[in-house]
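Heads up, the sequence shown is in this note's numbering, so the first residue is 6 and it goes up one at a time. For every residue, glycine included, the Cβ atom is placed at its ideal position computed from N, Cα and C.
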Amino acid sequence: MNNNINSDFNQKEISLEEIVFSLKKHIKIILFITFFCFFCTLIYVIIQKPRFESTSLILIEDPSASAMDIFDAGVKTNKNYIENEKEILKSRTIYEKSIRTLLESDVKNNLFLFGTREYNHPFNFIPSFLYKKPDYRYIDNTLNETEFLSAVKKLKDKTTIVNKNKTDIIKVTVNSIDPDESALLANTIVNVYQGTDLEWSTGEMTSLKSFLDSQITIKENELNISAQELKKFQEEEKIFSIDDNSSLLLTSLLNIESEYYKYKAEGNILKERISYIEDQLTSEEKKMVNNVTNTINNRLFALKNELALKETELISAISQQGEDHQIVKNIERKLESLKERLKLETRKLVSQGIAVADPINYRQSLMDSVISISAIYATIEAKSSEYEKLVNQYESQLVVLPEKLLEFSRLKRNLNIDTETYSLMRSKIEEAKINEASKISKVRVIDKANPDYERVTPKRKLSLLIGLIFGGILGVVAAFIIEILDGTIKSIEDIEKRGLTILALIPSIGLHDKKRKNKLKNSIDNAKKIQRRLITYEDPKSPVSESYRTLRTGLLYANSKKAGNVILVSSPGPGEGKTTTIVNLAITYANLGKKCVIIDTDLRKPVAHTIFDVKREPGITRFISGVDDKIDDLIHKTEIENLSLITCGVVPPNPSEVLASERMKNLVNHLKKKFDVIFFDAPPLLAVTDAFISLSYTDQFILVVRSSHTQKGGLDRAIELLNQSNAPLSGVVINDIDSSNSYGGGYYYNYYQYYYGSEK
């Protein structure tokens, strides 16, 4: 039997009808959970602050397509430049600049971002001691450090940066409680980013232009001094020229010095550019750049020396053979070839130098620029060094000139150097101005952010629908969990698979009364409530009464095959309807004209006398204890014809001994002669052993179980005890079946309801 119990759930084939009945049984729980979840969702969408999004579209042009640097500092390449630009947009620098821009605007005291604007919350009407409202403030153009960092974090959390469909277009989306504020924030971020990009693009040229301006002022003063000194010398010494040989030597020296100071000036410009860029690098980045630069210079050392020597050879050839000589042209071709080789090797080494030094394009380009410019600077330094050697060589030849001619040549050389340097500076500053003016941001704003008044979150209709669906699913799951955990008897199958005969299915009397809207609706008297149990007497044509008649028919059929009319009714536990069953069954027997008596042997908790509204005394205990020997004095007449009642009497201290006494046997034998049918209302089987003692007088035993109340384990234990006692078990009565909750039994009730309802 235990094996059957353990395999109940596995063996049971669940049909669609059973599922429907299970859901109907727990429909209140399902509806409660469903509407509770719906209500919680409704509260959520009401109190949740709405979120609106505004998006700005920007196009990022490929940096490789921008204007070339005027000093040919090298080619900047980055295949992942879009990802780099996205990282720049996400950087703290951009958001800090955006916050500063907003603090300088006129709307700073009307922004949710700064907490300077009040949100019209649905709960604002609630008193402050029940609902704490946020504090709103007025701010000036500054925030303390904590507030500033908090505002930066808020803005960053509100912003989403995405690449649109793998194109060069980036979407900058900002969400806010207010659609106008979200558009303002998105446009501010884009404008700051565009301005920062332009600042980075022109910053180097601006710094270089400032440097050149200061140098021009110096060179202009030096040029004026040189011109005045030469003029003064000529006026005093009356020397305006030198002989042809000396003139040729001086001309060659002037040309060489011109080249020397030109390279020296360009070297100073490159040093200034390197210094400007290095100021923007961290110490680690500077160290990395120096390592790469040293590596490049070491690898190109031989090539740069060869180039410098070839430059020297060209100058000597020009001075000796003239610019149009074939030897000069051959040297020039070799020189151009060496320059091209040096340029290619430099670019190659630069591209390999810092492959993935920094994910941000801007910082990557800074380091690339330093390396490229440093490589060019090293080449120019090598050229300058060679020209310096030539200058020293030619100067040694001028020593043989007379002192005054030597001074004349020195002053003329100074004037020439200052003139050439000044002209070079003027040329470079003009180029820097042009380049600065030509520098434009690579960021193009395609669409400015406009307020979008369609809320992003919460989506009210969708949220409510999801809440309703989720609540329904949760309710169904809860219903099935309750059903699975419910270990009570609920259906006919629960009895049949235990090998028991079902004698009758008794619908719930309360359900019948509710549907009939009978007299109980307005009754508050306890006696009237108890009288509900006499359904076969009060409403003989009800489906409940018909169920008891079905039970009577089954017992009469069984009794025709064996002698004896003593029927004992009990249940596994209390509150399962055994007394109601025996009372109504006895009424159906009495209606057939059979003389019936009910003996209340539930000596511990007697109830029968309250149902028939008779006195408890005298009762069965009075006779068995020997106080009264007259059995007829124990029999109480009821208002129902042919039905009598023997009450319990005074509750004895030893009920088991009372029921097992010899006088109890004599009482039963006497009643058998006087009545056609004797009914024993026995106590529950699992509570006490009294019912098993009464089995010795019993011809038929009826076990009453209550639907959705009697535990399966309790029923199995009761059956086990009955089998051990060889009880004459006729079958089981399933009591209190609710047609809306019980699968199988509900059909029975509905059929009778339909039949008798149509008849009436």
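Sorted by chain position, which residues of the same chain lie with C-beta nearer than 7 Å to Tyr-392's C-beta, five sequence neighbours on each side aside? Ile-261, Glu-264, Tyr-265 and Tyr-268
DSSP three-state label for Ile-603, please. strand
If you count every other CB in all the chains shown that lies within 10 Å of the CB of Ile-500, and 16 or more means buried, which is it? Ile-500 is classed as buried because its beta carbon has at least 16 other beta carbons within 10 Å across all chains shown.
Quick test of the definition: if touching needs 3 or more C-beta pairs under 8 Å, does the segment 733–743 touch the segment 708–722? yes
When you compare only the Cα positions, how much space is there between Leu-21 and Gly-472? 26 Å
Could you tell me how far apart the beta carbons of Ala-687 and Leu-573 are, in whole angstroms, since I believe they sit closer than 8 Å? With a Cβ gap of about 5 Å, Ala-687 and Leu-573 count as contacting.
Evaluate the contact criterion for the segment 29–49 versus the segment 166–181: three or more CB pairs, one atom per stretch, below 8 Å. no
Is it true that the CB of Val-588 sits closer than 7 Å to the CB of Ile-616? yes
If you draw a straight line from the alpha carbon of Thr-652 to that of Ala-484, how long is it in whole angstroms? Using only the alpha carbons, I get a separation of about 44 Å.
Three-pair Cβ contact test at 8 Å for the segment 638–656 versus the segment 618–627: yes
Give the DSSP-derived three-state secondary structure of Arg-711 in the structure shown. strand
Determine the contact status of Tyr-198 and Lys-161, defining contact as a CB-CB distance below 7 Å. no
Contact check, Arg-278 vs Ile-378, beta carbons under 7 Å: yes
For Lys-158 and Gly-120, what's the separation of their Cα atoms in angstroms? 14 Å
Tell me whether the beta-carbon of Asp-605 lies closer than 7 Å to the beta-carbon of Ala-595. Taking 7 Å as the cut-off, the beta carbon of Asp-605 is found no closer than this to the beta carbon of Ala-595.
From Thr-222 to Ala-387, what distance separates their C-alpha atoms? 28 Å
Residue of Glu-225, Ile-93 and Ser-215 minimising C-alpha distance to Thr-165: Ile-93
Less than 7 Å separating the beta-carbons of Glu-318 and Ile-336? yes
Measure the C-alpha to C-alpha separation of Val-549 and Ile-474 and round it to an integer number of angstroms. Val-549 and Ile-474: Cα-Cα distance of roughly 39 Å.
State the DSSP-derived secondary structure class of Asn-659, mapped to helix, strand or coil. coil
So Ala-509 is in the beta strand (DSSP E); what residue range does that whole segment cover? 507–512
Consult DSSP for Asp-721 and reduce its assignment to one of helix, strand or coil. Helix at Asp-721.
Alpha carbon of Asn-570 to alpha carbon of Cys-601, nearest angstrom: 10 Å
Can you tell which of Ile-494, Ser-468 and Glu-152 has the C-alpha that lies nearest to the C-alpha of Gly-578? Ile-494
Under a three-way DSSP split, which group does Glu-667 fall into? Reduced to three states, the DSSP call for Glu-667 is helix.
List the DSSP bridge partners of Gln-705. According to DSSP, Gln-705 bridges with Ile-572.
Among residues of its own chain, excluding the 5 on either side of Leu-36, which ones have a beta-carbon nearer than 8 Å to its beta-carbon? Gly-480
Can you name, in chain order, every residue of its own chain whose Cβ lies under 8 Å from the Cβ of Asp-633, other than the five neighbours on each side? Pro-623, Arg-627 and Leu-639
Taking 6 Å as the limit between beta carbons, can you name the residues of its chain near Lys-95, skipping five residues before and five after? Ile-166
Span of the alpha helix (DSSP H) around Asp-695: 695–699
Would you grab the beta carbon distance between Pro-660 and Arg-609 for me? Rounded to a whole angstrom, and I think it's under 8 Å. 6 Å
Note down, in chain order, each residue of its chain lying with its Cβ closer than 7 Å to the Cβ of Lys-91, except the 5 sequence neighbours on either side. Excluding positions up to five away in sequence, the list reads Ile-166, Asn-168 and Ile-175.
Please name the residue in Lys-447, Lys-334 and Leu-416 whose C-alpha comes closest to that of Val-195. Closest by alpha carbon: Lys-447.
Report yes if the C-beta distance between Thr-462 and Arg-538 is below 7 Å; otherwise report no. no
Hey, how far is the Cα of Ile-683 from the Cα of Phe-706? 12 Å
Alpha-carbon spacing of Val-361 relative to Leu-62, whole angstroms: Because the pLDDT of Val-361 is 39, which lies under 50, any placement of that residue in the model is unreliable, and the number read from its coordinates should be weighed accordingly. Between Val-361 and Leu-62, the C-alpha separation is close to 28 Å.
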